[in-house]
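These notes concern the structure reproduced below.
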Amino acid sequence: MVRQVLVLGGGPAALCMAAALAEQGLSVALLAPHDLRQPWPNTYGIWGEEVDALGLAHLLEHRWSACVSYFGEGAADASDPANRPTPHRRDYGLFNRQALQNHWLEALERGGVELLQGTAMAAQRLEGEGFTAIPTREGPIHQARLVVDATGHQPLLVQRPDEGAVAGQAAYGIVGRFSAPPVQPGQFVLMDYRCDHLSPEQRLQPPTFLYAMDLGDGLFFVEETSLALAPPVPYDDLRQRLEQRLAHHGIRVLAVEHEEFCLFPMNLPLPDLHQPVLGFGGAASMVHPASGYMVGSLLRRAPAVAQAVAAALADPQAPSAAVAACGWRALWPRPLRRKHALYQFGLEKLMRFPEAQLRAFFATFFALPDPLWIGFLANTLTLPQLLLAMVQLFVRAPWSVRWGLIGMRGRELRLGLRLLWPVGG
Ligand SMILES: Cc1cc2nc3c(=O)[nH]c(=O)nc-3n(C[C@H](O)[C@H](O)[C@H](O)COP(=O)(O)OP(=O)(O)OC[C@H]3O[C@@H](n4cnc5c(N)ncnc54)[C@H](O)[C@@H]3O)c2cc1C
1230 MVRQVLVLGG
1240 GPAALCMAAA
1250 LAEQGLSVAL
1260 LAPHDLRQPW
1270 PNTYGIWGEE
1280 VDALGLAHLL
1290 EHRWSACVSY
1300 FGEGAADASD
1310 PANRPTPHRR
1320 DYGLFNRQAL
1330 QNHWLEALER
1340 GGVELLQGTA
1350 MAAQRLEGEG
1360 FTAIPTREGP
1370 IHQARLVVDA
1380 TGHQPLLVQR
1390 PDEGAVAGQA
1400 AYGIVGRFSA
1410 PPVQPGQFVL
1420 MDYRCDHLSP
1430 EQRLQPPTFL
1440 YAMDLGDGLF
1450 FVEETSLALA
1460 PPVPYDDLRQ
1470 RLEQRLAHHG
1480 IRVLAVEHEE
1490 FCLFPMNLPL
1500 PDLHQPVLGF
1510 GGAASMVHPA
1520 SGYMVGSLLR
1530 RAPAVAQAVA
1540 AALADPQAPS
1550 AAVAACGWRA
1560 LWPRPLRRKH
1570 ALYQFGLEKL
1580 MRFPEAQLRA
1590 FFATFFALPD
1600 PLWIGFLANT
1610 LTLPQLLLAM
1620 VQLFVRAPWS
1630 VRWGLIGMRG
1640 RELRLGLRLL
1650 WPVGG
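What the sequence shown shows, in my numbering, is residues 1230 to 1654, in sequence order.
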């Protein structure tokens, strides 16, 4: 049996894309090694404005209006304005992962998506005239006119160029109870870069920040995070820094309900847009290179990709490669590729910034007009708006940051030039 589309994976990207394709009236099957109702390991955060625009605010489990960051050094002198919290004036939310998963599973059921359990194998994949056949470890071979690879950041089938070391966002966190609130009650802390608990030697090492939130009923989530680094900051270092930070504030951990070990790639190169298998999600390098977020982007971009695929499949003679090409063009149109280049260039810079420069950069970034910084982080600005945000940031930044932005090191120039000549033409 040759279906129209076979989606590989069981994470947010696979469910989101399968739901969008079914909405187009296509015959779709979803293949994952596990039961698709099995809870995901990760909890996903999103800005309130993004989730509101998607009409999915009811899927949030927590929503905070008191959202702040700290970009001061954190010296005991609280009268120094740099040590005051930076208010974000925007809500932040955490999805109820079961509700998000159910949202997509219900759409799959409505759309008649076939749920298959099995592990796809790359070997012996067969590209036929108008179909692709995917063998599974369990034996059955599944055929479809188009295969969508949504198997995550190390995809099974999608190919990308090798551009050297990939930077990872690494974090170690705990959901637990503490002898004193690690953040203000009812508060969400996006980035706490205060570093007065670190020794002078530690402050020369790659900077890390605290991402933390009050989950209610005396429960808090605290996570020591490295924005991005290649190779990534080891978990042991992050754990040690978290303990040091808490101890500095006189806070003891009373009970640990959950430990999170987080690691995912931030600056994967864009995939080859001419390959016969379409990618989506982590597999298609959709993680925002400057923030690490992806779920909002999945929800926004899936309908256009599904529409393009449906239009291509309307031609019964169209080969898999031609259908995939239409999907790739819809997923990564030129303006998005140019923005991706700019974000990658920016991340490359930030990874080089020492702690004081990084704090100054973020203090300037979050002082931009709200629509600019929020649109930057959500990737909803147009290219001209994004460039305007960059120019404003440069003009407002102190010279320590400006020099860092001007000087080109390593592969920065090559990445920056992709703004003009993006990958894929
Ligand atoms: C701890 C953590 C926290 C994160 N937090 C956020 C956040 O708050 N907000 C945000 O937007 N992003 C976040 N991210 C980034 C990103 O959104 C996630 O990594 C997201 O899970 C990627 O989704 P995905 O569906 O592409 O891949 P995955 O979630 O990795 O799913 C891949 C799926 O493919 C399946 N699979 C693998 N191999 C095969 C095979 N051979 N055949 C069939 N199926 C296969 C796997 O079983 C899995 O179901 C986070 C990432 C991590 C690791």
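Ideal placement from N, C-alpha and C gives every residue a C-beta, glycine not left out.
These numbers come from a predicted model, not from an experiment.
Extent of the continuous alpha helix (DSSP H) to which residue i belongs
i, result
"Y1522", "It is not in any alpha helix (DSSP H) - Y1522 carries neither H nor E in the DSSP assignment."
"T1365", "From DSSP, T1365 is part of no alpha helix (DSSP H); its letter is neither H nor E."
"W1333", "1326–1339"
"F1590", "1584–1594"
"R1232", "It is not in any alpha helix (DSSP H) - R1232 instead sits in the beta strand (DSSP E) that spans 1231–1237."
"C1555", "1549–1560"
"L1565", "1563–1581"
"L1622", "1612–1625"
"R1643", "1641–1646"
"F1605", "1599–1607"
Assigned exposure category for residue i - 16 Cβ within 10 Å defines buried
i, result
"I1603", "buried"
"R1563", "exposed"
"L1528", "buried"
"M1515", "buried"
"G1639", "exposed"
"A1352", "exposed"
"H1382", "buried"
"T1611", "exposed"
"E1279", "buried"
"V1620", "exposed"
"H1478", "exposed"
"F1494", "Looking at the sequence shown, residue 1494 is not Phe but Pro. When all chains shown are included, P1494 counts as buried."
"R1530", "buried"
"S1526", "buried"
"L1471", "buried"
"D1446", "exposed"
"S1455", "buried"
"P1460", "exposed"
"R1423", "buried"
"A1543", "exposed"
"I1275", "buried"
Distance cut-off 6 Å: residue i Cβ against heavy atoms of ligand 1
i, result
"V1418", "no"
"P1380", "Checking the displayed sequence, the identity of residue 1380 turns out to be Thr instead of Pro. Correct: T1380 has its Cβ closer than 6 Å to ligand 1."
"G1239", "yes"
"M1523", "yes"
"L1337", "no"
"C1555", "no"
"T1348", "yes"
"G1322", "no"
"L1345", "no"
"L1385", "yes"
"P1262", "yes"
"G1274", "yes"
"N1271", "yes"
"A1242", "yes"
"G1415", "no"
"G1510", "yes"
Opening and closing residue of the beta strand (DSSP E) in which residue i lies
i, result
"P1241", "Looking at the DSSP string, P1241 is not in any beta strand (DSSP E); the run it does join, the alpha helix (DSSP H), is 1241–1252."
"L1448", "1448–1458"
"A1261", "1257–1261"
"W1276", "1274–1276"
"S1657", "Because the chain spans 1230 through 1654 in this model, residue 1657 falls outside it and cannot be assessed."
"L1419", "1416–1421"
Residues sharing a beta bridge with residue i, DSSP
i, result
"R1406", "A1484"
"T1348", "T1348 is not bridged to any residue."
"F1490", "Y1401"
"F1438", "T1454"
"T1467", "It should be pointed out that residue 1467 corresponds to Leu in this sequence rather than to Thr. L1467 pairs with nothing; no bridge assigned."
"L1355", "A1362"
"D1501", "D1501 is not bridged to any residue."
"L1375", "V1234"
"R1292", "G1322"
"D1443", "F1449"
"E1343", "A1258"
Check: residue i C-beta below 6 Å from any heavy atom of ligand 3
i, result
"C1491", "Ligand 3 is not part of the structure shown, which contains ligand 1 as its ligands."
Would you call the stretch 1593–1605 and the stretch 1623–1635 touching, i.e. three or more CB-CB distances under 8 Å?
yes
Within 8 Å, do at least three Cβ pairs link the stretch 1341–1350 to the stretch 1311–1319?
no
Hey, is the stretch 1533–1548 in contact with the stretch 1391–1409, meaning 3+ C-beta pairs nearer than 8 Å?
no
Specify whether the stretch 1509–1525 and the stretch 1468–1487 touch according to this definition: at least 3 beta carbon pairs, one from each stretch, less than 8 Å apart.
no
Quick check: the stretch 1411–1427 against the stretch 1389–1402, are there 3 or more CB pairs under 8 Å?
no
Would you say the stretch 1253–1261 touches the stretch 1538–1551, given that touching needs at least three Cβ pairs under 8 Å?
yes
Would you call the stretch 1257–1275 and the stretch 1543–1551 touching, i.e. three or more CB-CB distances under 8 Å?
no
Sufficient close CB pairs (3 or more, under 8 Å) joining the stretch 1575–1591 to the stretch 1372–1391:
no
Say whether the stretch 1646–1653 touches the stretch 1565–1574, bearing in mind that this needs 3 or more beta-carbon pairs closer than 8 Å, one atom from each stretch.
yes
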